[in-house]
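What the sequence shown shows, in this note's numbering, is residues 2 to 627, in sequence order.
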Amino acid sequence: MLGMKSRRRDLSNLNKPQLFHTFSSNMLSTLKEGNEYDVDDTDVEYVPVKRRRLLESQRILQRKCKSSPALNDDEHGRPNIEAESKPSLLFKASQMNRGLPELSSAELIVQQEKEMIEHLSDRKALMSVRELAKGITYTEPLATGWKPPLPIRKMSTSECDSIRKQWHILVEGDDVAPPIKDFKDMRFPEPILKKLKAKGIVQPTPIQVQGLPVILSGRDMIGIAFTGSGKTLVFVLPLIMAALQEEMTMPIVPGEGPFCLVICPSRELARQTYEVIEEFLTPLKEYGYPEIRPLLCIGGVDMRSQLEVVKKGVHIVVATPGRLKDMLAKKKMNLDNCRFLTLDEADRLVDLGFEDDIREVFDHLKAQRQTLLFSATMLAKIQVLARSALVKPVTVNVGRAGAASLDVIQEVDYVKQEAKIVYLLECLQKTPPPALIFCENKSDVDDIHEYLLLKGVEAVAIHGGKDQQEREDAISLFKGKQKDVLVATDVASKGLDFPDIKHVINYDMPAEIENYIHRIGRTGRCGKTGLATTFINKNQSETTLLHLKHLLHEAKQRIPPVLVELNDPLEDVDAVTNASGVKGCAYCGGLGHRICECPKLDHQKNMAIANSRRDYFGSGGYRGEI
2 MLGMKSRRRD LSNLNKPQLF HTFSSNMLST LKEGNEYDVD DTDVEYVPVK
52 RRRLLESQRI LQRKCKSSPA LNDDEHGRPN IEAESKPSLL FKASQMNRGL
102 PELSSAELIV QQEKEMIEHL SDRKALMSVR ELAKGITYTE PLATGWKPPL
152 PIRKMSTSEC DSIRKQWHIL VEGDDVAPPI KDFKDMRFPE PILKKLKAKG
202 IVQPTPIQVQ GLPVILSGRD MIGIAFTGSG KTLVFVLPLI MAALQEEMTM
252 PIVPGEGPFC LVICPSRELA RQTYEVIEEF LTPLKEYGYP EIRPLLCIGG
302 VDMRSQLEVV KKGVHIVVAT PGRLKDMLAK KKMNLDNCRF LTLDEADRLV
352 DLGFEDDIRE VFDHLKAQRQ TLLFSATMLA KIQVLARSAL VKPVTVNVGR
402 AGAASLDVIQ EVDYVKQEAK IVYLLECLQK TPPPALIFCE NKSDVDDIHE
452 YLLLKGVEAV AIHGGKDQQE REDAISLFKG KQKDVLVATD VASKGLDFPD
502 IKHVINYDMP AEIENYIHRI GRTGRCGKTG LATTFINKNQ SETTLLHLKH
552 LLHEAKQRIP PVLVELNDPL EDVDAVTNAS GVKGCAYCGG LGHRICECPK
602 LDHQKNMAIA NSRRDYFGSG GYRGEI
């Protein structure tokens with residue numbers, strides 16, 4: 002007892018950690034000496050949660066698989082985890098594919114591309130924030146009072162398909178309006194019909210045969226046709242009719258409008274579209290129809306003159322994204338009554354980074370609108386994005402999206418970099434003026450312009466570095482045939498309509514094949530033939546030259562020996578995809594690579610990552626790498 006008391010006194014002098022350590026050491030020494038402690042028989046050994054779960058899963062598996070031998074513990078008494086674990090997804094996939102035929106490498110690439118195209122729809126919908134937040138969706142297109150004549154309405158489906166086949170028109174959509182081969186049957190007013198005849202437009206082009214009835218009936222539309230096919234009239238005439246109907250029903254008061262909106266990627270294209278609209282509004286006013294006021298809303302022009310038109314009340318606005326967004330943000334104009342929206346050269350708007358600007362414009366739209374998208378090279382990247390904003394859209398396609406015009410003779414010459422400017426004069430002598438010369442860089446435009454002036458050639462030049470007045474003066478002089486040659490960057494390649502261009506020269510082969518298609522499309526317009534000459538050398542990448550080779554082959558043009566010698570690694574894949582109708586890259590339209598190797602798609606992904614970094618680290622302040 003005395004010893005126990007002394008031990009207690011010793012333990013009382015220890016703090017709690019020391020006490021626990023002393024107790025555990027004493028217990029360990031006692032166990033080593035072989036001393037036994039009495040254990041109650043009713044005590045149950047503690048089983049860890051993990052072991053209990055494994056035992057329960059073992060019992061379930063044994064009940065499900067009575068015919069199979071029981072799952073035994075391993076040599077250490079633990080449950081056999083490997084035996085009771087689920088098979089992997091890879092194992093399941095291999096089991097499912099055992100009965101399927103083995104796919105070749107080309108077929109595997111095609112299958113992978115289909116999955117990538119489907120994932121393109123994961124991008125944010127082209128809708129306003131209000132519509133996305135409130136879940137507003139429109140299920141039916143806008144109704145209009147337009148109807149074609151009775152004989153056309155009674156046309157059977159087979160008759161409509163026969164006309165489309167004859168005009169090489171491909172249509173996708175439900176309840177598509179019948180094609181109409183005469184402007185008179187489209188029920189345009191007499192002043193518009195006379196103006197069309199005065200301009201030499203007697204019969205509609207294929208895109209107009211099907212596109213005009215679709216838009217006049219109030220349907221959303223994606224229009225794809227080769228350059229120079231008359232796409233501008235397809236949306237200009239219906240928007241004039243829509244504005245005229247609105248003015249006759251309920252006149253627009255001062256400060257109200259617009260009712261129709263057209264967005265273009267460049268100032269030159271916007272001005273050209275505005276001038277086309279004015280051409281048809283003038284005879285309507287002379288015949289006594291209500292006045293329709295258009296507005297050209299572009300940068301580089303004093304905003305005060307534009308605001309004066311808005312104060313009177315405006316019906317139709319043709320704009321570039323920057324100035325339009327500025328006026329909307331300053332509340333100088335609103336889109337409360339806008340019911341007609343057109344994106345001209347829609348793929349170019351997205352490529353130039355205007356997609357977010359367009360979304361901001363969508364935020365100012367207060368109700369459902371009829372949306373139209375047009376381009377010559379609008380591929381899956383835009384069509385998938387557009388379908389999120391369109392209501393039961395109709396796709397009208399004349400020719401392959403991204404194909405070159407068959408009315409253009411394409412010549413490709415291998416010219417060394419130092420000899421290009423000298424060879425340029427020789428090429429200009431192949432055809433009479435006017436001629437267009439395209440360059441990639443602004444500095445090359447200025448150098449060539451100065452060189453041609455020194456050689457006595459009547460030339461003008463435009464690029465993004467010149468002010469608006471210089472650009473407008475150069476284009477007006479060239480269109481008025483006061484100058485023979487126009488030297489330009491790609492600012493003049495999209496949508497601009499120059500009369501009777503005989504020759505287009507690509508001083509530089511563009512890296513993007515879409516720009517090449519739009520460049521050579523400045524000639525060979527409206528059924529006329531033209532010549533396009535392109536300089537190539539070792540500065541171009543092999544992928545770009547493969548694109549060019551495939552385009553020449555598709556248009557049945559002569560392929561130069563330097564392109565014939567190029568090895569095409571995609572011949573086997575193209576042979577497989579020809580049957581499915583997908584050839585080349587489904588994203589950018591290039592024929593020299595597949596979508597899995599598309600440089601533009603990689604660039605878009607990198608831009609998205611960069612934008613997400615800026616959003617995370619602040620509004621544009623962070624520029625480093627993570």
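Don't be surprised by glycine CBs; every beta carbon is placed ideally from N, CA and C.
State the Cα-Cα distance for the pair residue i and residue j, rounded to the nearest angstrom.
i: residue 224; j: residue 374; result: 6 Å
i: residue 86; j: residue 364; result: Bear in mind that the predicted position of residue 86 carries a pLDDT of just 48, short of 50, making it unreliable; the figure below should be weighed with that in mind. Answer to the nearest angstrom: the Cα atoms are 52 Å apart.
i: residue 51; j: residue 64; result: 20 Å
i: residue 371; j: residue 275; result: 20 Å
i: residue 279; j: residue 547; result: 43 Å
i: residue 531; j: residue 139; result: 45 Å
i: residue 271; j: residue 245; result: 21 Å
i: residue 313; j: residue 340; result: 19 Å
i: residue 473; j: residue 491; result: 16 Å
i: residue 213; j: residue 248; result: 21 Å
i: residue 191; j: residue 452; result: 50 Å
i: residue 551; j: residue 544; result: 11 Å
i: residue 413; j: residue 558; result: 10 Å
i: residue 406; j: residue 518; result: 8 Å
i: residue 285; j: residue 199; result: 14 Å
i: residue 448; j: residue 243; result: 47 Å
i: residue 632; j: residue 330; result: Outside the modelled stretch of the chain, which goes from 2 to 627, sits residue 632, for which no answer is possible.
i: residue 417; j: residue 324; result: 42 Å
i: residue 291; j: residue 520; result: 39 Å
i: residue 195; j: residue 494; result: 30 Å
i: residue 450; j: residue 442; result: 13 Å
i: residue 357; j: residue 128; result: 11 Å
i: residue 141; j: residue 218; result: 12 Å
i: residue 485; j: residue 427; result: 15 Å
Take residue i and list the residues in its own chain whose beta-carbon comes closer than 6 Å to its own, dropping the five residues that flank it on each side.
i: residue 189; result: none
i: residue 16; result: Any answer about residue 16 is weak, because its pLDDT of 48 lies below 50 and its placement is not dependable; what the coordinates show is given next. So the list is empty, once near-sequence residues are dropped.
i: residue 311; result: 334
i: residue 395; result: 174, 177, 215, 220 and 222
i: residue 398; result: 171 and 225
i: residue 475; result: 461 and 463
i: residue 410; result: 532
i: residue 168; result: 207 and 210
i: residue 376; result: 346, 347 and 348
i: residue 504; result: 432, 436 and 532
i: residue 156; result: 179
i: residue 535; result: 413, 507 and 510
Strictly by DSSP, which residues pair up with residue i?
i: residue 415; result: 537
i: residue 509; result: DSSP, once it has assigned bridges, lists no residue as partnering residue 509.
i: residue 57; result: Partner(s): none; residue 57 has no beta bridge.
i: residue 372; result: 342
i: residue 295; result: 317
i: residue 173; result: 396
i: residue 439; result: 489 and 507
i: residue 556; result: In DSSP, residue 556 forms no bridge with anything.
i: residue 528; result: DSSP, once it has assigned bridges, lists no residue as partnering residue 528.
Please determine, among the options, the residue with the shortest C-alpha to C-alpha distance to residue i.
i: residue 297; options: 327, 280, 263 and 286; result: 263
i: residue 295; options: 544, 237, 54 and 198; result: 237
i: residue 322; options: 349, 376, 242 and 411; result: 349
i: residue 317; options: 303, 293, 307 and 328; result: 293
i: residue 159; options: 194, 179 and 142; result: 179
i: residue 436; options: 442, 423, 451 and 462; result: 462
i: residue 206; options: 526, 479, 543 and 155; result: 526
i: residue 555; options: 346, 408 and 55; result: 408
i: residue 131; options: 541, 367, 357 and 564; result: 367
i: residue 228; options: 49, 515, 537 and 540; result: 515
i: residue 150; options: 187, 143 and 135; result: 187
i: residue 529; options: 260, 501 and 143; result: 501
Among the residues of its own chain, which have a CB less than 7 Å from the CB of residue i, if the five just before and after it don't count?
i: residue 301; result: 268, 468 and 469
i: residue 197; result: 184
If I measure Cβ to Cβ from residue i and keep anything under 8 Å in the same chain, skipping five residues before and after, which residues do I get?
i: residue 499; result: 435, 437, 479, 480, 487 and 523
i: residue 282; result: 241, 293 and 295
Does residue i come within less than 9 Å of chain B when only Cβ atoms are used?
i: residue 281; result: The displayed structure is made up of one protein chain only, and chain B is not part of it.
Confirm the yes/no value for this check: CB of residue i, any heavy atom of the ligand MG, distance under 8 Å.
i: residue 284; result: The ligand MG is not part of this structure, which contains no ligands at all.
Original post:
Is the segment 391 to 398 touching the segment 420 to 428 in the sense that three or more CB pairs, one from each, lie closer than 8 Å?
Top reply: no
Subject >> contact_flag[the segment 226 to 233, the segment 250 to 266] where n(CB pairs < 8 Å) is 3 or more >> reply: No, because fewer than three Cβ pairs between the segment 226 to 233 and the segment 250 to 266 fall closer than 8 Å, the two stretches do not touch.
Original post:
How do the segment 471 to 484 and the segment 505 to 524 stand: do at least 3 beta-carbon pairs fall below 8 Å, yes or no?
Top reply: Taking 8 Å as the limit for Cβ pairs, the verdict is that the segment 505 to 524 does not touch the segment 471 to 484.
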